[in-house]
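Asks: As you go down the protein sequences, you meet chains A and B in turn.
Take our numbering: the last position of the first sequence gets the number 707, and nothing is skipped along the way.
Take our numbering: the last position of the second sequence gets the number 707, and nothing is skipped along the way.
Number of protein chains: 2
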Amino acid sequence: MPNTPLRVIPIGGLGEIGRNMMIIEYGDDLIVVDVGLMFPEEEMLGVDLVIPDFTYLRENAAKLRAVFLTHGHEDHVGALPYFLREFKCPVYSSRLTDGLIRVKLNEHRLLNESELHVVPPGELVQAGVFEVEFFPVAHSIPDACGLIIRTPLGPIVHTGDFKLDHTPVMDQHTDLIRLAQVGAEGCLLLLADSTYAEQEGYTPSEQLVGEALRNIMVNANGRMIVATFASLISRVQQVVDAAAFCGRKVFVTGRSMIDNVAMARQLGYLNAPDGVIVGVEEMRNTPSSKLVVITTGSQGEPTSALTRMANGDHRHITIQEGDTVVLSASPIPGNEQAVYRNVDNLFRLGAEVLYNRVANIHVRGHASREELKILQGVLQPEYFVPVHGEYRHLVVHARLAESVGVPKGNAFVLTDGDVLEIDEEEARRAGRVSASYVYVDGLGIGDVDQQILRDRAHLSTDGVVVVIVSVDRQTGRLDRPCEILTRGFADVEDDFSGILDRGKDVVANSLAGADHYAEFGDINARIRDALAKFLYDETRRRPMVLTVTVEV
Amino acid sequence: MPNTPLRVIPIGGLGEIGRNMMIIEYGDDLIVVDVGLMFPEEEMLGVDLVIPDFTYLRENAAKLRAVFLTHGHEDHVGALPYFLREFKCPVYSSRLTDGLIRVKLNEHRLLNESELHVVPPGELVQAGVFEVEFFPVAHSIPDACGLIIRTPLGPIVHTGDFKLDHTPVMDQHTDLIRLAQVGAEGCLLLLADSTYAEQEGYTPSEQLVGEALRNIMVNANGRMIVATFASLISRVQQVVDAAAFCGRKVFVTGRSMIDNVAMARQLGYLNAPDGVIVGVEEMRNTPSSKLVVITTGSQGEPTSALTRMANGDHRHITIQEGDTVVLSASPIPGNEQAVYRNVDNLFRLGAEVLYNRVANIHVRGHASREELKILQGVLQPEYFVPVHGEYRHLVVHARLAESVGVPKGNAFVLTDGDVLEIDEEEARRAGRVSASYVYVDGLGIGDVDQQILRDRAHLSTDGVVVVIVSVDRQTGRLDRPCEILTRGFADVEDDFSGILDRGKDVVANSLAGADHYAEFGDINARIRDALAKFLYDETRRRPMVLTVTVEV
Numbered sequence: 156m157p158n159t160p161l162r163v164i165p166i167g168g169l170g171e172i173g174r175n176m177m178i179i180e181y182g183d184d185l186i187v188v189d190v191g192l193m194f195p196e197e198e199m200l201g202v203d204l205v206i207p208d209f210t211y212l213r214e215n216a217a218k219l220r221a222v223f224l225t226h227g228h229e230d231h232v233g234a235l236p237y238f239l240r241e242f243k244c245p246v247y248s249s250r251l252t253d254g255l256i257r258v259k260l261n262e263h264r265l266l267n268e269s270e271l272h273v274v275p276p277g278e279l280v281q282a283g284v285f286e287v288e289f290f291p292v293a294h295s296i297p298d299a300c301g302l303i304i305r306t307p308l309g310p311i312v313h314t315g316d317f318k319l320d321h322t323p324v325m326d327q328h329t330d331l332i333r334l335a336q337v338g339a340e341g342c343l344l345l346l347a348d349s350t351y352a353e354q355e356g357y358t359p360s361e362q363l364v365g366e367a368l369r370n371i372m373v374n375a376n377g378r379m380i381v382a383t384f385a386s387l388i389s390r391v392q393q394v395v396d397a398a399a400f401c402g403r404k405v406f407v408t409g410r411s412m413i414d415n416v417a418m419a420r421q422l423g424y425l426n427a428p429d430g431v432i433v434g435v436e437e438m439r440n441t442p443s444s445k446l447v448v449i450t451t452g453s454q455g456e457p458t459s460a461l462t463r464m465a466n467g468d469h470r471h472i473t474i475q476e477g478d479t480v481v482l483s484a485s486p487i488p489g490n491e492q493a494v495y496r497n498v499d500n501l502f503r504l505g506a507e508v509l510y511n512r513v514a515n516i517h518v519r520g521h522a523s524r525e526e527l528k529i530l531q532g533v534l535q536p537e538y539f540v541p542v543h544g545e546y547r548h549l550v551v552h553a554r555l556a557e558s559v560g561v562p563k564g565n566a567f568v569l570t571d572g573d574v575l576e577i578d579e580e581e582a583r584r585a586g587r588v589s590a591s592y593v594y595v596d597g598l599g600i601g602d603v604d605q606q607i608l609r610d611r612a613h614l615s616t617d618g619v620v621v622v623i624v625s626v627d628r629q630t631g632r633l634d635r636p637c638e639i640l641t642r643g644f645a646d647v648e649d650d651f652s653g654i655l656d657r658g659k660d661v662v663a664n665s666l667a668g669a670d671h672y673a674e675f676g677d678i679n680a681r682i683r684d685a686l687a688k689f690l691y692d693e694t695r696r697r698p699m700v701l702t703v704t705v706e707v
Numbered sequence: 156m157p158n159t160p161l162r163v164i165p166i167g168g169l170g171e172i173g174r175n176m177m178i179i180e181y182g183d184d185l186i187v188v189d190v191g192l193m194f195p196e197e198e199m200l201g202v203d204l205v206i207p208d209f210t211y212l213r214e215n216a217a218k219l220r221a222v223f224l225t226h227g228h229e230d231h232v233g234a235l236p237y238f239l240r241e242f243k244c245p246v247y248s249s250r251l252t253d254g255l256i257r258v259k260l261n262e263h264r265l266l267n268e269s270e271l272h273v274v275p276p277g278e279l280v281q282a283g284v285f286e287v288e289f290f291p292v293a294h295s296i297p298d299a300c301g302l303i304i305r306t307p308l309g310p311i312v313h314t315g316d317f318k319l320d321h322t323p324v325m326d327q328h329t330d331l332i333r334l335a336q337v338g339a340e341g342c343l344l345l346l347a348d349s350t351y352a353e354q355e356g357y358t359p360s361e362q363l364v365g366e367a368l369r370n371i372m373v374n375a376n377g378r379m380i381v382a383t384f385a386s387l388i389s390r391v392q393q394v395v396d397a398a399a400f401c402g403r404k405v406f407v408t409g410r411s412m413i414d415n416v417a418m419a420r421q422l423g424y425l426n427a428p429d430g431v432i433v434g435v436e437e438m439r440n441t442p443s444s445k446l447v448v449i450t451t452g453s454q455g456e457p458t459s460a461l462t463r464m465a466n467g468d469h470r471h472i473t474i475q476e477g478d479t480v481v482l483s484a485s486p487i488p489g490n491e492q493a494v495y496r497n498v499d500n501l502f503r504l505g506a507e508v509l510y511n512r513v514a515n516i517h518v519r520g521h522a523s524r525e526e527l528k529i530l531q532g533v534l535q536p537e538y539f540v541p542v543h544g545e546y547r548h549l550v551v552h553a554r555l556a557e558s559v560g561v562p563k564g565n566a567f568v569l570t571d572g573d574v575l576e577i578d579e580e581e582a583r584r585a586g587r588v589s590a591s592y593v594y595v596d597g598l599g600i601g602d603v604d605q606q607i608l609r610d611r612a613h614l615s616t617d618g619v620v621v622v623i624v625s626v627d628r629q630t631g632r633l634d635r636p637c638e639i640l641t642r643g644f645a646d647v648e649d650d651f652s653g654i655l656d657r658g659k660d661v662v663a664n665s666l667a668g669a670d671h672y673a674e675f676g677d678i679n680a681r682i683r684d685a686l687a688k689f690l691y692d693e694t695r696r697r698p699m700v701l702t703v704t705v706e707v
């Protein structure tokens, strides 16, 4: 098809962190890279998850050929069940990613009807006009991959989440040789991870963390408790290795950690010498100095095992003096308060606590600026689109690319919904498609809108006041004093200040002169305005005032 | 009084950040150091401020001799108006601190009845049995001081907030010579700032920031906009100095920045050559390359000048390509999201944005670990209590003190309400006094309690559902179908799913068999339980369900 443009359309993950999803389209074919979810931001009150907007896919469902998943983290695969409920197409991923999504799809009772394929690096997958190859990258989960997507206009490289780690723990390097081959061939477009584009220098190797953990373990006299991400299998491996080295037993706790450790051992991603990982009984019979506990809760999640330990209500583990707790993770922005509350509580219980601010016990999974420059140097792409990150990360990443060789004007800072068109001559912005936040709240998908979030914010600030007015059917006058009910507004149980009693007078006065012919809507508005003003004058608070008029 | 113990009682600021207040008591005399406020944490929904608990002071009001304020930041002086509404006693502070609290007390109409004293460093103030001397410290506001408090048992040193800066901007060093004299004499007790006790090394000097700002300004071709804390007068001075050096004019915006700059110039804390600081008219007539704007909003405050610029609705300043915006501040924990949203929006408008992650344009106002060690070395106190900080800061600071000479067991990690007693022989914990959070919400002080915050949290998550049931006076049966009103629950406007209609049936069924003799409370509970269960089964949400029964 001469002059058919290639279209690149980010639906999620550009200008925000999480719910990554990218559409690549050429003529009648369309593929999707990642279908992630985002955890709600502060102001998304009561929302459980945020998923990508599938509107454009719905409108172009006939073109959909396949989904490719770069790795098994929630922000890249978490919305797959919502996607597969609506769309039928093959899903391609690496072995561990496949194992993780099978668990997830099984929970959603979608496993049997899904078409899942494991693709080893180097193998080619044909999806319409596209030919797609996975290549290994180093990241904070095993089997993470980037994609080489061959299109009629040339190859696209999508890094997924990555860093360059020359001494990784699971022996998975980012495959620079394969990338250099694509670079030699001529890379049309690079899409690269921007999460740490602000960070100068290099991201340290996972190896450093292993050494630090071993040093701490050798020097600790008592029990050691290590909290990290359940998906960070390489970190778990490092703890197990250190434990085996020190002759300690390992007890695993926290539901997702137990599940992931079991799955990783079964698939061969975690190697533990016989007898090192033990159950509850053996744990109880092991002296503290010979024990390591691996647990969830590094982000301060309220129901996690570590939070329960910190609150003194874990079933099996009671924190005591002599324990060393290691938080082998950095707080994800937004989680700081919960994480540090746990640290404080663990200190209160007498534990020694090592966390990111006082020890080098975690490294990031994303490339820093010098690594991003190497990537540019190896690929020398004609066009560049920074992906994964908030707007400022994309801007600084685009500038970095231009500073090391991407032709001026060929680095495009897109955000969710922007369409980039590339043809033989040039690349250009070409309008926008729908890319809203879609909120999942309980069983509801997309039924929580901005109005509902505004109402929740209003309710959260000053509570709710409900006024019930009985109006006489004949006269249109108040039949009896109104009732006023409040929650979250002020302590009015004994109404010491008489605010409710005076509020009832205000309501009565607001209706003076009303008659039966007044509309109920009008009566309600009058009461609401009068009472809201009275309450504000009295308290400088603005509760949500709801009025109900009952005709008797 | 032989064997009278000295009592040290933190009421706020130990185990938390903010609302600093410390009581020091001996026999019939009691003094207060700082009366600060705290900004509400995430879960304190709708709360405006948190102030210290004055219960113990109320019970011991007859002993109260004086208040001493270390410096003019809100977390040290912000609750003074609430304090002076209840208690009468002289207030002692340094010159700038006095200027700042006068503004505040005037707003609260408390200035005329307050007894305020300016105390220069070195002068002695007698307060009952205590003799108190201010000594200068380097911090992020001019005229910050620590206190030397002489007691019958020996001198106490309270650092306030401090760092050691050998090249400060306003020429105020921490007075190590005076401290060494107290150390030589024998320091009974040291109370020292723990805010950065986790931070290895030294806090860099303010001078570095001045150099960085000047470099940026020299190299910027367009307008430069600098946001910082309004109280950080030394930073404003640095910007003015750099502007004068580059031949730029300075325009000041943001209410608190305008007020503080005016006050600081008037009191001589800010020196600007004639004609450098300009008004709106002259600003408009100055070319961009000759202009610097100093503004509030470095913390992303929603109504601040910088946030308005970032949102494109500032009255005088429209961000454009060529502008360089410098955020000369670090986000205070909890403010990250708001700060980075501004950064993203400023980038979107085409500005170059320099912020803490990409440039060295801010230094902290608190001492790091090596500075804290120097303090210990100079004072060699017999007892040590770390102050100002969350629990973990206090723990690591206490360990630091013991590692450099405080006798084992003589460093006490106290938290709010703990009482430390010191006599001739020893120091010991001696019970607790009331030290709750006191919430200020609108005009209400202390009337928002845990129940109200729980209700607000509940409302914020899934909204509210109000059911109004009319019961026939004679039969006790439903008189007509109930009404259901929701806010923040789900989009039920058109009730596509019929959830409200079915909910009404659920309510009706829950009352089947009820008669007039059933208590209203019982009827309400039955309805509430049935409807809450139905809504949860349908939506997996748990709105607050309020039931009102009207008898007709």
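Every residue gets a Cβ at the ideal spot worked out from N, C-alpha and C, and that includes glycine.
For leucine 527/A, count neighbouring C-beta atoms within 10 Å of its own C-beta (all shown protein chains included) and say buried if the count is 16 or more, exposed if not.
Replies: Mapped onto the first sequence, residue 527/A falls at position 372. When all chains shown are included, leucine 527/A counts as buried.
Asks: Check whether chain B comes within 8 Å of valine 188/A, counting only Cβ atoms and requiring the distance to be less than that.
Replies: In the first sequence, residue 188/A corresponds to position 33, counting from 1. It does not: the Cβ of valine 188/A has no partner Cβ on chain B nearer than 8 Å.
Asks: Leaving out five residues on either side along the sequence, give the residues of the same chain with a beta carbon under 7 Å from the beta carbon of phenylalanine 289/A.
Replies: What you label residue 289/A is simply residue 134 of the first sequence in a count that begins at 1. Ser249, Val274, Pro276, Cys300, Leu302, listed in sequence order.
Asks: Please list the partners that tyrosine 546/B has in chain A, where partner means a Cβ-to-Cβ separation under 7 Å.
Replies: Position 391 of the second sequence, counted from the first residue, corresponds to residue 546/B. Per Cβ cutoff of 7 Å: Asp499, Phe502, Arg503.
Asks: Are leucine 569/B and proline 165/B touching if we call contact CB-CB under 8 Å?
Replies: Position 414 of the second sequence, counting from 1, holds the residue named residue 569/B. Position 10 of the second sequence, counting from 1, holds the residue named residue 165/B. Yes; because the gap between Cβ atoms is below 8 Å, this pair is in contact.
Asks: What are the start and end residues of each continuous alpha helix (DSSP H) run of 4 or more residues lying completely inside the region 399–437 of chain B, in chain order?
Replies: If we require 4 residues or more, the alpha helix (DSSP H) runs fully inside the region 399–437 of chain B come out as 410–421.
Asks: The beta strand (DSSP E) that contains valine 574/B, what's its start and end?
Replies: Your numbering for residue 574/B matches position 419 in the second sequence. Counting along the chain, the beta strand (DSSP E) containing valine 574/B begins and ends at 573–577.
Asks: Rounded to whole angstroms, what is the Cα-Cα separation between glycine 233/A and histidine 469/B?
Replies: Residue numbering aside, residue 233/A sits at position 78 when the first sequence is read from its first letter. Residue numbering aside, residue 469/B sits at position 314 when the second sequence is read from its first letter. Approximately 40 Å between the Cα atoms of the pair.
Asks: Which residues, in chain order, does the region 634–649 of chain B contribute to contact with chain A at a C-beta distance below 7 Å?
Replies: So the close ones are Glu638, Leu640, Arg642, Gly643, Ala645, Asp646.
Asks: Does the beta carbon of glutamate 557/A come closer than 8 Å to any beta carbon on chain B?
Replies: Numbered from its first residue, the first sequence carries residue 557/A at position 402. No, glutamate 557/A does not count as interfacial toward chain B.
Asks: With distances taken from CA atoms, which of Ile304/A, Ala282/A, Arg695/A is nearest histidine 272/A?
Replies: Here residue 272/A refers to the residue found at position 117 when the first sequence is read from its first residue. Nearest option by C-alpha distance: Ala282/A.
Asks: Report the three-state DSSP secondary structure of aspartate 692/A (helix, strand or coil).
Replies: Here residue 692/A refers to the residue found at position 537 when the first sequence is read from its first residue. Three-state DSSP puts aspartate 692/A in a helix.
Asks: Quick one: which chain B residues come within Cβ less than 9 Å of leucine 598/A?
Replies: The count along the first sequence starts at 1 and reaches residue 598/A at position 443. Within chain B, the residues near leucine 598/A are Glu693, Thr694, Arg695, Arg696.
Asks: Where does histidine 313/B fall in DSSP's three states?
Replies: Walking along the second sequence from the start, residue 313/B turns up at place 158. Three-state DSSP puts histidine 313/B in a strand.
Asks: If you follow the alpha helix (DSSP H) that histidine 613/A is part of, which residue opens it and which one closes it?
Replies: The residue labelled residue 613/A in the question sits at position 458 within the first sequence. Residues 605–617.
Asks: Could you please give me the residues that DSSP links to alanine 221/A through a beta bridge?
Replies: Locating residue 221/A in the first sequence gives position 66, where the first residue counts as 1. Note: alanine 221/A sits in a beta bridge opposite Ile186/A.
Asks: Just by C-beta distance, which residues in the region 188–212 of chain A are closer than 8 Å to chain B?
Replies: Those residues of the region 188–212 of chain A that come within reach of chain B (Cβ to Cβ, closer than 8 Å) are Glu196, Glu197, Leu200, Gly201.
Asks: Looking only at DSSP bridge pairs, what is threonine 641/B linked to?
Replies: On the second sequence, position 486 is the one that residue 641/B refers to. Threonine 641/B pairs with Val620/B.
Asks: Using a C-beta cutoff of 8 Å, does tyrosine 495/A count as contacting chain B?
Replies: In the first sequence, residue 495/A corresponds to position 340, counting from 1. Chain B, which has a Cβ nearer than 8 Å to the Cβ of tyrosine 495/A, makes this yes.
Asks: Among Ile179/A, Glu196/A, Ala216/A, Phe406/A, which has the Cα closest to the Cα of valine 540/A?
Replies: Taking the first sequence and counting its residues from 1, the one referred to as residue 540/A is at position 385. Closest by alpha carbon: Ile179/A.
Asks: State the Cα-Cα distance for the pair isoleucine 304/B and valine 391/B, rounded to the nearest angstrom.
Replies: Numbered from 1 along the second sequence, position 149 holds the residue referred to as residue 304/B. Numbered from 1 along the second sequence, position 236 holds the residue referred to as residue 391/B. The alpha-carbon atoms of isoleucine 304/B and valine 391/B are separated by roughly 33 Å.
Asks: What first and last residue would you give for the beta strand (DSSP E) that runs through aspartate 596/B?
Replies: As a position in the second sequence, residue 596/B is number 441, starting the count at 1. Residues 593–596.
Asks: What residues of chain B sit near methionine 699/A, judged by a beta carbon separation below 9 Å?
Replies: Position 544 of the first sequence, counting from 1, holds the residue named residue 699/A. Here the neighbours are Leu614, Val619, Arg642, Gly643.
Asks: Runs of 3 residues minimum, wholly inside the region 467–507 of chain B: which ones carry the beta strand (DSSP E) assignment?
Replies: DSSP runs (the beta strand (DSSP E)) wholly in the region 467–507 of chain B: 479–482.
Asks: Bridge partners for aspartate 348/A per DSSP, in chain order?
Replies: The sequence position of residue 348/A within the first sequence is 193, counting from 1. Looking at the DSSP assignment, aspartate 348/A forms a beta bridge with Val542/A.
Asks: So is valine 481/A buried or exposed if we call it buried at 16+ other beta carbons inside 10 Å?
Replies: Translated into positions along the first sequence, residue 481/A becomes position 326. Per the 10 Å Cβ criterion, buried.
Asks: Among the residues of its own chain, which have a CB less than 7 Å from the CB of isoleucine 600/A, if the five just before and after it don't count?
Replies: Counting from one through the first sequence, the residue named residue 600/A turns up at place 445. Around isoleucine 600/A: Tyr237, Val593.
Asks: Determine, using beta carbons only, whether serine 625/A comes closer than 8 Å to chain B.
Replies: For the purposes of this step, residue 625/A is taken as the residue at position 470 of the first sequence. Output row for serine 625/A: interface = yes.
Asks: Quick one, which residues of the region 507–530 of chain A are near chain B if we go by CB-CB under 9 Å, in chain order?
Replies: Those residues of the region 507–530 of chain A that come within reach of chain B (Cβ to Cβ, closer than 9 Å) are Val508, Tyr510, Arg512, Val513.
Asks: Determine which residues of the region 348–363 of chain B have a Cβ less than 9 Å from any Cβ of chain A, and write them out in chain order.
Replies: Against chain A - using a Cβ distance shorter than 9 Å - the residues of the region 348–363 of chain B are Glu353, Gln354, Glu355.
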